[in-house]
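Below is one structure, written out as structure tokens; the observations come after it.
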Ligand code: PAF
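Residue numbers (the working numbering): 41 to 320.
Next up, the structure:
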């Protein structure tokens with residue numbers, strides 16, 4: 041695995057792969073890697089000749105400077121975790137080199153309504169930051185395939201829209217959420233939870249499961265189910281932002297024609313914001 045921070049060097053290497061007729065699968069991350077990330081890497085390995093992983097804590101997608109500075113950075117242990125995989129390149133650029141025009145001057149990508157609801161409403165500008173960094177990374181790496189986790193369900197939809205709006209011709213693969221034995225979705229933020237918060241954190245998944253079971257049992261009072269889950273999260277010590285039942289294709293409220301549902305939740309325990317979702 042070549043660890044490269046230089047933009048031109050990484051671009052050159054990816055071009056060489058392409059020139060030799062090899063396909064590239066790409067896994068963009070912000071580091072602090074856990075088994076969920078490693079499952080994306082494993083998937084990437086099975087799909088292409090070359091695997092490129094990036095680690096870049098993208099300042100553009102943080103709307104809270106404290107959240108950005110508290111975001112865990114664990115590059116040494118990330119490199120050691122990645123060493124046991126057959127990865128060709130780990131790209132970890134510096135912020136100044138990645139955004140040479142200066143963070144404030146970067147022209148951000150606006151992908152419309154999907155970026156303004158749920159996470160977009162709670163974190164204004166977040167998805168413009170995600171779309172902008174992912175587009176820049178895609179332009180550099182020119183992958184054939186890119187692999188993302190379904191835990192960030194809305195992000196996955198945003199990236200699919202990015203690929204379609206810009207006709208990038210990249211296949212986007214979504215991989216199921218990896219969970220701890222008690223159901224907590226794996227997240228780089230989990231390491232910041234205190235022991236007490238860690239125990240409480242599993243409640244998000246419990247509430248999602250509870251709604252799923254209710255829906256399967258024929259309960260269709262969505263609003264009541266959402267409100268009850270919000271209340272239970274608050275009782276468990278969370279500051280809930282939303283628990284909603286949505287149409288998988290639009291993330292809007294389900295209509296009579298909706299065939300598939302997803303339940304999405306965002307809630308904070310102290311300073312730590314967690315998100316999760318469950319497909320029905
Ligand atoms: O999901 C993440 O880790 C980030 O949002 C991504 C896609 C790497 C963009 O910075």
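Glycine residues also receive a C-beta, built at the ideal position from the N, C-alpha and C atoms.
- Under the three-state reduction of DSSP output, residue 320 falls in the coil class, being neither helix nor strand.
- Membership of residue 138 in the alpha helix (DSSP H) is indicated by the continuous run 135 to 138.
- Of the other Cβ atoms in all chains shown, 16 or more fall within 10 Å of the Cβ of residue 98; this residue is therefore buried.
- With fewer than 16 other Cβ atoms from the protein chains shown falling within 10 Å of its own Cβ, residue 235 counts as exposed.
- Listed by position in the chain, the residues whose beta carbon lies within less than 6 Å of some heavy atom of ligand 1 are 68, 69, 70, 98, 101, 170, 173, 174, 192, 195.
- Within the same chain, Cβ atoms closer than 6 Å to the Cβ of residue 167 are found at 155, 160, 198, the five residues on either side in sequence being excluded.
- Straight across, the Cα-Cα distance linking residue 47 with residue 262 is about 48 Å.
- Burial check for residue 253: the Cβ neighbour count within 10 Å stays below 16, so the residue is exposed.
- 102 is the residue among 113, 180, 102 whose C-alpha sits nearest the C-alpha of residue 144.
- Every beta strand (DSSP E) of 3 residues or more that sits fully in the segment 72 to 123 is shown, in chain order, as 90 to 95.
- The DSSP-derived three-state label of residue 180 is helix.
- Burial state of residue 231 is exposed, judged by a 10 Å Cβ sphere holding fewer than 16 other Cβ atoms.
- Here residue 319 has 302 as same chain residues with Cβ atoms under 6 Å from its own Cβ, once five neighbours each way along the sequence are excluded.
- Taken atom to atom, the span from the alpha-carbon of residue 290 to that of residue 183 is near 26 Å.
- By the neighbour-count criterion, in which a residue is buried when 16 or more other Cβ atoms sit within 10 angstroms of its Cβ, residue 297 is exposed.
- Per DSSP, reduced to three states, the secondary structure at residue 205 is helical.
- Membership of residue 301 in any alpha helix (DSSP H) is not indicated; the residue belongs instead to the beta strand (DSSP E) covering 301 to 309.
- Residue pairing from DSSP places residue 67 in a beta bridge opposite 93.
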